[in-house]
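The structure under discussion appears below in the form of structure tokens.
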Amino acid sequence: MTTTAPPPTAPPPHKAKTVTRPGDRIFSGLSRGSGIFVLVIMGAIALFLTIRAVSAISKDHANFFTTFEWNAALTPPQFGIAVLAYGTIVSAVIAMAIAVPIAVGIALFITHYAPRRLGDVIAYVIDLLAAVPSIIYGLWGALFLVPHLQGLNLWLNHYLGWTVIFHKSDPNSTPRSLFTVGILLAIMILPIITNVSREVIRQVPKMHEEAALALGATRWEVIRMSVLPFARSGIISASMLGLGRALGETMAVATVLSADSTLSAHLLDPGGGTFSQNIVAKFGEATNFGRDALIASGLVLFVITLLVNGAARLIIARRKEYSGANA
Amino acid sequence: MTNTAVDATASAARPASPRLATRRLPRWTPAAVAGGSIVVAVAIGAGADLHSHIQWGLIALLLFVGGSYAITARVEGRRQAKDRVATSLIWSAFILAVLPLYSLIETTIKQGAGVINGTFLTHSMKNVLTIEPGGGIYHAIIGTIEQVAIAAAIATPIGILTAVYLVEYGRGWLAKVVTFFVDVMTGIPSIVAGLFILSLWFILLDKAPQSGFAGSLALAILMTPIVVRSTEEMLKLVPNELREASFALGVPKWRTITKVVVPTAIGGITTGVMLALARIAGESAPVALLIYGAQYINNNPFKGPQESLPYYIYQQYVDGNPASYARAWGAALVLIAFVMILNLVARLIARWKAPQHSGR
């Protein structure tokens, strides 16, 4: 018995390797390929837009960044993005100024103030707000909100007109202004800021809050001392995601704003424009060259939103301690 | 001796020691203050002859915040008063958010309900002058359904496979880069997706696109990252034990994924795909650049101009006369109903397919 074959030794290492089945290789290749495909699409967006934009800007007989007018149909063509950049940024900033405090308030309401069941209902309502298509916001904004904001406009002009920004040059003009656009955009970006902030606020360790409560803090002091400091970076990135949305919003601006190529500090005066609004408004009658010019302005918008979103995502990623099931 | 000393300190301390419970306002105080401020606001509003009821509401709100601060500060102290103010501000934030949603849905239903009838749903705009009532959205519904279906057929497999890669295979820098760019892609303005497809057509085919298919490609770009994100979340929820059990039985990895992991998460994945569908069905900006908004019925998404429901609304708005506004509201109501039903069904699926809690 002892002379029989030596006990089976471990097989040579190269045979111990797990067998890669063709199915495995195909499937992992497919899924990795899709991942790479997403990257390729992003690269292609940047590349193709740049190609068309460069060809358009090289034929521009005015400074692309400082010119107010958009006359791509002229010979020689003259167009610039100064008004569009100003309008885009100003309307987005107004939207942020209104939406961020309200959104954080709602997030706190859902997590800390409302009874649990009411909180769930409100979270659902906020999701509905996010689901409404932007063109319907645009229609509502233009046909309902604009007439209803005239009173507020006159009031602001009357009491705050001395601040220049709330000065209304012609009190009878309809408020199809950057200010109205900002209010509408605020409503539209409210859901995303609320949802992301809510997620972050939910992650505040219960211990912190209970410690503050045990020290006799009121509910507001708990929020100010333990919730907000913990959630601050998350709220900042949530706001930046909202900013990205506001910068790129098209239809709601195109319907509400009465656009022209003036750059005015009076927010209540109609006029101005934004990148995406200009693209939709000018697209219909544009020649192929005019469309290239619009692509050029779209590229600027793309780069701006890319920077804003990228920064927001980096902030989120830096503090990513989500407890995923597989973490 | 010690007794008297204790007594002495106790009696000396008693007058100085504060009561353990500070004075509290009764529970009905906020309601009383609210009622009072509404009455005063109505009095002021009626007295000063303010027409806008919004102003009445604002006055009432200011009175309420100020009044409850003053009363609470007097009775309970400044810290409690600040707490009350914060509470009322947070409540008003909530009301401020609900008002527009309510107004939007109310306006759309009120304006749109009268327009919708059999003719509106089954006819196109062919041979209908914009200034006269009549015409319908049949061509737009056909266009939207076809474009969204094609976009979903492209974006769903790519999105799910990318999510599978990120969760099941993704290690190292490539996975990190893909995750980052999927996130960034979520934030691409929809109009940029449209411009990209436009430049693609210019560069590859040297002409402007004029088909529903071009529109659906742009929609697919917008849909893919949403599908990736939601699928990823769902796959992460699948317990590792399931995978390990499957591996232990000698099942290859790809079979494990297709037969165990994905079926477990299929409810959530379906929900995510439907929410993404609802999202792109309402997109008008990219479509506006690509499909050329036909007025007639075109069933072929690959050839010739098509219409889409959101773009139809925009066109009718731009036409700017009572008849076209009415059509715009009607189409808006149909679109909102379509999107909301998709949302609702998606949520029902999520609830129905939700993994049952085992007693572990």
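Protein chains in written order, with UniProt numbering: chain S, 1 to 327; chain W, 1 to 360. Glycine residues also receive a C-beta, built at the ideal position from the N, C-alpha and C atoms. Remember, predicted model here, so these are calculated numbers, not experimental data.
Count the other CB atoms, across all protein chains shown, that sit within 10 Å of the CB of residue i; report buried if there are 16 or more and exposed otherwise.
| i | result |
| --- | --- |
| F247/W | exposed |
| T163/S | exposed |
| T287/S | exposed |
| N300/W | exposed |
| T307/S | Per the sequence shown, the amino acid found at residue 307/S is Leu instead of Thr. Flag for L307/S reads exposed. |
| E241/W | exposed |
| P229/S | exposed |
| A285/W | buried |
| T75/S | exposed |
| R198/S | buried |
| S169/S | exposed |
Please name the residue in the options whose C-alpha comes closest to that of residue i.
| i | options | result |
| --- | --- | --- |
| D183/W | Y169/W, I191/W and G159/W | G159/W |
| I316/S | A259/S, G141/S, L39/S and S233/S | S233/S |
| F68/S | T274/S, L145/S, M188/S and I183/S | T274/S |
| V98/W | A265/S, V90/S, H148/S and I122/S | I122/S |
| R25/S | A281/W, F64/W, Y165/W and Q295/W | Y165/W |
| P100/W | P77/S, K59/S, F65/S and H148/S | H148/S |
| S308/W | S230/W, Q147/W, L342/W and Q210/W | Q147/W |
| P305/W | Q315/W, A294/W and I313/W | A294/W |
| G248/S | V222/S, M188/S, S237/S and L263/S | M188/S |
| P225/W | L335/W, S190/W and S324/W | S190/W |
| G36/W | I54/W, A60/W, T130/W and F181/W | A60/W |
| I126/S | A113/W, A332/W and Y102/W | Y102/W |
| S134/S | I349/W, V85/W and A278/W | A278/W |
| Y325/W | I116/W, V261/W, M340/W and V260/W | I116/W |
| L128/S | L342/W, A43/W, S92/W and I221/W | L342/W |
With a threshold of 8 Å on Cβ separation, who are the neighbours of residue i within its own chain once the five nearest residues in sequence on each side are excluded?
| i | result |
| --- | --- |
| A208/W | L198, W201 and F202 |
| S55/S | D292 |
| M240/S | V308, N309, A311, A312 and I315 |
| T119/W | G134 and G136 |
| K59/S | P76, P77 and F289 |
Excluding sequence positions up to five away, which residues of its chain have a Cβ less than 7 Å from the Cβ of residue i?
| i | result |
| --- | --- |
| N3/W | With a pLDDT of only 49 at N3/W, under the threshold of 50, the placement of this residue in the model should not be trusted; the figure read from the coordinates follows. The answer is none, since no qualifying residue turns up. |
| L184/S | Y137, G141, L145, A252 and V256 |
| L344/W | none |
| Y322/S | With a pLDDT of 45 at Y322/S, under the threshold of 50, the predicted position of this residue should be treated as unreliable, and no value is reported. |
| R176/S | V146, V256, L257, S258 and P270 |
| E232/W | A163, L166 and V167 |
| V222/S | E209, A212 and L213 |
Among residues of its own chain, excluding the 5 on either side of residue i, which ones have a beta-carbon nearer than 6 Å to its beta-carbon?
| i | result |
| --- | --- |
| A214/W | I197 and L290 |
| Y113/S | none |
| V303/S | none |
| Q210/W | Y292 and P305 |
| H167/S | G161 and H266 |
| A186/S | A95, I98 and A99 |
| T20/S | none |
Residue i versus chain S: which residues are under 8 Å apart at the beta carbon?
| i | result |
| --- | --- |
| Y169/W | S28, S31 and R32 |
| K253/W | D24, F27 and S28 |
| I203/W | F48, I51 and R52 |
| I150/W | Chain S residues near I150/W: none, gap ~16 Å exceeds 8 Å. |
| Y325/W | L143 |
| I158/W | S34, F37 and V38 |
| M340/W | L128 and A131 |
| residue 374/W | It is not possible to answer for residue 374/W, since the shown part of chain W is limited to 1 through 360. |
| R79/W | T218 and E221 |
At a CB-CB cut-off below 7 Å, which residues of chain W make contact with residue i?
| i | result |
| --- | --- |
| M225/S | None at all; the shortest Cβ gap to chain W is about 12 Å. |
Between which two residues does the alpha helix (DSSP H) carrying residue i extend?
| i | result |
| --- | --- |
| Y124/S | R116 to A131 |
| N76/S | This sequence places Pro at residue 76/S; Asn is not what is there. Unbroken run through P76/S: none, as it is neither H nor E. |
| H139/W | Y138 to V164 |
| T194/S | L178 to R202 |
| residue 347/S | Examination of residue 347/S is not possible in this model, given that chain S is present from 1 through 327 alone. |
| I291/W | It is not in any alpha helix (DSSP H) - I291/W carries neither H nor E in the DSSP assignment. |
| D292/S | N288 to R318 |
| I106/S | A82 to L108 |
| L235/W | G212 to L237 |
Along chain S, in chain order, which residues have C-beta atoms closer than 9 Å to that of residue i?
| i | result |
| --- | --- |
| P189/W | G244, R245, L247, G248, E249, T250, F275, S276, G298, L301, F302 and T305 |
| G282/W | A131, V132, P133, S134, I135 and I136 |
| D183/W | N309, G310, A312, R313, I316 and A317 |
What does residue i touch in chain S if you count any residue whose Cβ is under 7 Å from its own?
| i | result |
| --- | --- |
| P133/W | Result: empty, since nearest Cβ-Cβ is about 17 Å, beyond 7 Å. |
| K82/W | W220 |
| Y165/W | S31, R32, S34 and G35 |
| L96/W | I102 |
| residue 361/W | Summary: the structure shown does not reach residue 361/W, with chain W confined to residues 1 through 360, and so no result is reported for it. |
Who are the neighbours of residue i on chain W, taking C-beta pairs under 9 Å?
| i | result |
| --- | --- |
| W70/S | Going along chain W, no residue has its Cβ under 9 Å from W70/S, so there is no contact; the nearest lies around 15 Å. |
What does residue i reach in chain W if we use C-beta pairs closer than 8 Å?
| i | result |
| --- | --- |
| L241/S | G187 |
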